[in-house]
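Residue numbers (the numbering used here), protein chains in the order written: chain D, 279 to 794; chain B, 279 to 794.
Below, the structure is given as structure tokens:
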């Protein structure tokens with residue numbers, strides 16, 4: 279019987295979701311997994327074509343040969359972002375075939391997948407587990423999905439597959455290029471997406487793997503970001519994605535003076551506290567503010583003659599410029615955000631592709647996230663205990679995924695540059711609506727009216743003294759915002775749980791409830 | 279109870295070796311594996327250093343921390359070839375610690391490991407499973423090893439680890455370069471070996487993984503041929519290998535007129551039968567004759583304006599020249615044989631590193647071996663049914679490993695250029711001393727006095743007509759040799775089995791017995 283349990287963060291969470299047991303959050307590093315990784319079947323080459331040619335005539339044929347049937351779990355990656363043309367077609371075929379109760383397990387869904395609401399309505403899809411950006415998030419928030427959504431970080435998704443928590447029956451891997459054997463990459467072809475790392479676990483652990491491409495190349499497709507040795511069927515389609523919606527032509531730094539100020543303060547904080555030093559490493563997200571931080575980092579590094587050992591991507595033209603200028607030895611890229619990123623990854627062996635396995639999987643013998651000196655992230659809310667929220671807005675609607683955000687919290691210093699308020703709603707609150715990241719891992723909040731340092735980071739508090747930067751307590755920042763905007767109303771929820779939020783170790787850190 | 283069973287090749291093999299059950303050979307593609315791949319434990323980052331620094335002070339400390347104890351299986355790769363300085367030290371430490379009955383599971387051992395005979399004598403090592411080149415092969419052949427040796431191909435070794443047939447307790451991975459996190463490669467450092475692919479399965483499936491290097495580089499060590507996420511401990515030593523014994527300074531084509539003739543005939547055969555055509559692919563080994571075949575292939579391709587899509591390595595300067603000249607689009611490299619190979623792999627993104635997983639593992643959804651148009655291999659003996667032997671000499675001594683030889687037999691055409699006799703011992707015999715490769719997979723025997731085509735390959739027999747090449751039956755070739763040398767004495771064996779030979783699917787295709 280499912281019951282609600284108060285987890286180590288004080289949040290009431292169910293121990294059963296969609297009929298399966300899930301462990302409540304126990305604290306950072308406290309849950310010790312037992313047991314063994316998911317063991318895929320042993321295959322034999324004798325059951326695959328001698329000449330390696332796994333091409334079938336259509337996506338439908340591949341799905342039928344893969345044994346698509348009621349109740350299966352179908353996975354996909356989101357490297358095609360809002361330009362994906364494959365997954366809507368997959369569920370169109372499922373509908374045609376009369377298949378019901380599928381679980382869709384994407385690494386994320388986008389507005390282009392609004393098409394699938396009809397299949398959530400008619401029972402073709404039972405529920406979605408994965409980040410839901412836009413319409414599907416709204417649909418879920420409205421309590422309309424039959425099952426409960428489960429949101430995981432990029433690393434958490436790898437962990438869930440690796441640990442056998444989510445067993446994938448059929449993985450669909452859309453790829454910029456592929457050969458008939460199933461080797462695939464995102465670095466070339468009209469639907470180039472740079473990387474395909476979000477599909478790595480799917481390829482390794484799914485029962486059946488289908489690669490779909492609109493750019494079939496002669497064997498070998500190099501680099502093989504996805505190894506054909508894991509692939510059952512390869513499908514050539516006319517058009518797999520809409521290029522302009524997969525990759526930005528160019529990424530632009532914010533032009534907002536407020537955001538530029540936040541970025542500049544963040545960079546100055548890193549300069550004065552000694553974080554920017556020879557051989558250091560950093561990660562900035564793809565948001566406008568984060569991009570601007572990279573730019574300011576570059577200015578400081580040039581001025582002081584400092585070189586970084588590596589930057590973690592999402593890559594974009596600003597990081598690529600720094601790499602080519604010699605300010606950074608390596609870009610360790612997790613996803614590519616613009617055409618310059620794709621070009622650089624293709625041309626430059628120091629622009630290295632990584633995966634959620636190398637970078638983020640917490641059930642591992644370590645990962646790259648902990649080796650990064652400083653990471654700059656966003657949030658929809660933080661609270662006075664430095665807890666962070668990235669999935670719900672202050673109005674309580676589930677509109678964002680977790681991405682790599684939770685995983686990056688293991689960086690040596692985590693900085694969140696945030697406006698003090700958005701649309702006159704303060705960003706610093708007493709308690710986050712949804713707990714996504716524990717405050718003990720979040721070190722610094724940079725706002726336009728001051729910088730709050732987590733009291734746990736006495737070293738940073740000391741280092742920031744005499745910096746001339748406006749260091750304040752988080753309570754002071756919260757009070758300032760409330761003086762201007764007033765104390766916001768909290769969203770009112772029903773008891774109905776519409777989504778569970780996983781921590782990096784697979785435990786349930788919080789839930790999202792349906793709004794009243 | 280162990281008993282002898284006649285396998286599908288008519289060889290009497292035991293169903294129990296070293297106390298474990300092994301399936302007798304059932305024919306090519308006949309054995310269908312069931313069950314699941316070996317499932318490693320689920321680890322947690324919380325049990326590893328936050329900052330990713332896994333360095334320990336010494337190899338001894340790493341072994342002690344890995345829990346080295348009696349009866350364990352210790353694995354290693356052979357990329358350091360006869361220049362390995364690590365594995366002797368590992369067993370010196372085991373001896374110091376009083377540990378007994380270890381199973382050493384190298385991908386191959388070399389004359390430099392003669393040092394370990396003392397530990398086979400005193401019980402530190404119980405037995406060796408892996409190719410044994412030189413003194414350890416002789417020791418085994420003499421029936422002196424306590425356990426029975428098991429020889430596997432490169433792909434068979436991956437398969438055995440993946441399928442859980444061999445559970446590795448501690449994997450030792452010597453590496454040209456590594457970072458403290460455990461990322462490692464063979465492309466740089468004084469002990470550069472090019473690739474580290476033979477250690478891939480070990481890293482993925484062993485319980486504990488130790489990386490040993492004499493060239494510690496700041497994170498990230500790029501490329502990470504071995505991913506640090508699999509590694510428990512990293513050890514920096516003064517000297518891991520003897521460079522000049524790891525990699526040849528330069529590989530030289532044979533100067534023997536006999537061998538050059540074999541190579542030329544082989545190339546002509548491929549030319550006349552249409553195997554050398556635009557977009558074709560080939561693999562030649564590292565022996566002098568094979569190298570010469572590459573050279574003659576190059577001459578034909580240049581003359582006819584033909585380009586190959588890819589060549590599978592062992593890479594060497596001749597292949598590198600062809601790549602750089604544009605005669606080959608890609609080298610898919612499995613091990614690097616000379617400094618030019620290492621340089622090219624480091625510099626040229628079309629010189630791609632592969633692994634026994636991508637290329638050779640038979641318990642897979644296909645591998646690269648079947649996609650190669652023609653492979654040129656050696657053999658110690660072939661018989662009138664085209665069966666091949668590569669592990670024992672005609673005198674019955676076990677002196678060679680299998681390497682990738684069995685795996686390559688799945689290529690579309692397999693050609694063995696062989697002298698008709700060696701030291702006045704005919705190479706074509708009535709029945710091979712040890713069966714390593716089934717005749718149905720071996721297509722052509724090229725000798726200086728004629729070329730025999732397997733009757734199964736009617737297409738090749740037709741294609742070779744009117745070629746002017748001396749096509750003969752294999753019986754004719756055998757008779758010619760025996761007319762010159764006489765019929766050789768067969769080696770006389772006792773009943774005692776000293777080694778088992780695995781087929782690519784893990785079944786036992788033959789055994790080697792102790793000589794009388």
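Glycine residues also receive a C-beta, built at the ideal position from the N, C-alpha and C atoms.
Since the structure is predicted, the reported quantities are computational estimates derived from the model, not experimental observations.
Segments of 4+ residues assigned as alpha helix (DSSP H) that fall wholly inside the segment 480-539 of chain B: The segment 480-539 of chain B contains these whole alpha helix (DSSP H) runs: 521-524.
8 Å contact criterion, which residue 362 of chain D and residue 388 of chain D should meet: CB distance rounded: The pair is a contact, with the Cβ atoms about 7 Å apart (cut-off 8 Å).
Chain B within 9 Å of residue 587 of chain D, Cβ atoms only: Taking Cβ atoms only, chain B reaches closer than 9 Å to residue 587 of chain D, which makes this a yes.
Residue 797 of chain D at chain B interface by Cβ criterion, 9 Å: The displayed coordinates of chain D run from 279 to 794. Any statement about residue 797 of chain D would go beyond what the structure contains.
Residue 416 of chain D versus residue 335 of chain D - alpha carbon distance: Straight-line Cα distance between these residues: approximately 36 Å.
Residue-level contact to chain D via CB, residue 635 of chain B, 9 Å cutoff: Judged by the 9 Å Cβ criterion, residue 635 of chain B is in contact with chain D.
Contact the segment 312-323 of chain D vs the segment 320-328 of chain B: 3+ CB pairs below 8 Å: Counting Cβ pairs under 8 Å, three or more are found: they touch.
Collapsed DSSP secondary structure at residue 683 of chain D in the structure displayed: Residue 683 of chain D: helix per DSSP, three-state reduction.
Within-9 Å CB hit, residue 440 of chain B to chain D: True, the Cβ-Cβ gap to chain D drops below 9 Å.
Whether residue 795 of chain D touches residue 609 of chain D by CB criterion (9 Å): As displayed, chain D neither begins before 279 nor continues past 794, which places residue 795 of chain D out of reach and without an answer.
Where residue 783 of chain D meets chain B, residues with beta-carbon distance less than 9 Å: Close partners of residue 783 of chain D in chain B (Cβ separation under 9 Å): 322, 323 and 324.
C-beta atoms of residue 401 of chain D and residue 378 of chain D nearer than 9 Å: Yes; because the gap between Cβ atoms is below 9 Å, this pair is in contact.
Residue 356 of chain D versus residue 589 of chain D: straight-line alpha-carbon distance, rounded: Each residue's Cα considered, the two are about 22 Å apart.
Length-filtered (4 minimum) alpha helix (DSSP H) runs lying within the segment 317-384 of chain B: The segment 317-384 of chain B contains these whole alpha helix (DSSP H) runs: 337-343 and 365-374.
Any beta strand (DSSP E) of 3 or more consecutive residues that is wholly inside the segment 587-651 of chain D: Annotation note: the segment 587-651 of chain D contains the following uninterrupted beta strand (DSSP E) runs of length 3 or greater, listed N- to C-terminal: 606-611 and 629-631.
First and last residue of the uninterrupted alpha helix (DSSP H) at residue 419 of chain D: Unbroken alpha helix (DSSP H) run through residue 419 of chain D: 413-419.
Proximity test, Cβ basis, 9 Å: residue 311 of chain B and chain D: Interface with chain D (9 Å Cβ-Cβ cutoff): residue 311 of chain B is included.
Continuous beta strand (DSSP E) stretch holding residue 774 of chain D: start and end: Where residue 774 of chain D is concerned, the enclosing beta strand (DSSP E) starts and stops at 771-780.
Status (buried if at least 16 other CB within 10 Å, exposed otherwise) for residue 762 of chain D: Residue 762 of chain D is exposed by the Cβ-count criterion.
Every unbroken beta strand (DSSP E) inside the segment 698-776 of chain D [3 residues or more]: Here the runs fully enclosed are 722-725 and 728-731.
Cβ of residue 498 of chain D within 9 Å of any chain B Cβ: Judged by the 9 Å Cβ criterion, residue 498 of chain D is in contact with chain B.
Local conformation of residue 569 of chain B per DSSP, three classes: If DSSP states are grouped into helix, strand and coil, residue 569 of chain B belongs with the helices.
Unbroken beta strand (DSSP E) run spanning residue 399 of chain B, endpoints: Careful: residue 399 of chain B lies outside any beta strand (DSSP E), inside the alpha helix (DSSP H) at 395-400.
C-alpha gap between residue 300 of chain D and residue 779 of chain B, whole angstroms: Rounded to whole angstroms, residue 300 of chain D to residue 779 of chain B spans 47 Å at the Cα level.
Rounded straight-line distance, which links the Cα of residue 653 of chain D to that of residue 586 of chain D: C-alpha separation (whole angstroms): 13 Å.
Against chain B: residues of the segment 445-467 of chain D by CB proximity under 7 Å: Within the segment 445-467 of chain D, contact with chain B at the beta-carbon level (separation under 7 Å) is assigned to 459.
Cβ shell of residue 495 of chain B (< 6 Å), same chain only, five flanking positions each side left out: These residues qualify, in order along the chain: 455 and 457.
Beta carbon proximity, residue 303 of chain B to chain D, threshold 9 Å: No, its Cβ sits nowhere closer than 9 Å to a Cβ of chain D.
Buried or exposed (CB count within 10 angstroms, at least 16 for buried), residue 770 of chain D: It counts as exposed.
Assigned secondary structure, residue 391 of chain D (DSSP; H/G/I helix, E/B strand, else coil): Helix.
Residue interval of the beta strand (DSSP E) (run including residue 791 of chain D): Counted as a single uninterrupted DSSP element, the beta strand (DSSP E) harbouring residue 791 of chain D occupies residues 786-793.
Residue-chain proximity (residue 598 of chain B, chain D), Cβ-Cβ < 9 Å: Not closer than 9 Å to any Cβ of chain D, the Cβ of residue 598 of chain B fails to qualify, so no.
Range covered by the alpha helix (DSSP H) that runs through residue 438 of chain D: Run containing residue 438 of chain D: 432-440, per the alpha helix (DSSP H) assignment.
Partners in chain D for residue 684 of chain B, counting only beta-carbon separations shorter than 9 Å: Here the premise fails: no neighbours, minimum Cβ distance about 13 Å.
Exposed unless 16 or more other CB atoms sit within 10 angstroms - verdict on residue 343 of chain B: Classification of residue 343 of chain B: exposed, given that the 10 Å Cβ count is below 16.
According to DSSP, residues forming a beta bridge with residue 280 of chain B: Answer by DSSP bridge pairing: none, since residue 280 of chain B is not bridged.
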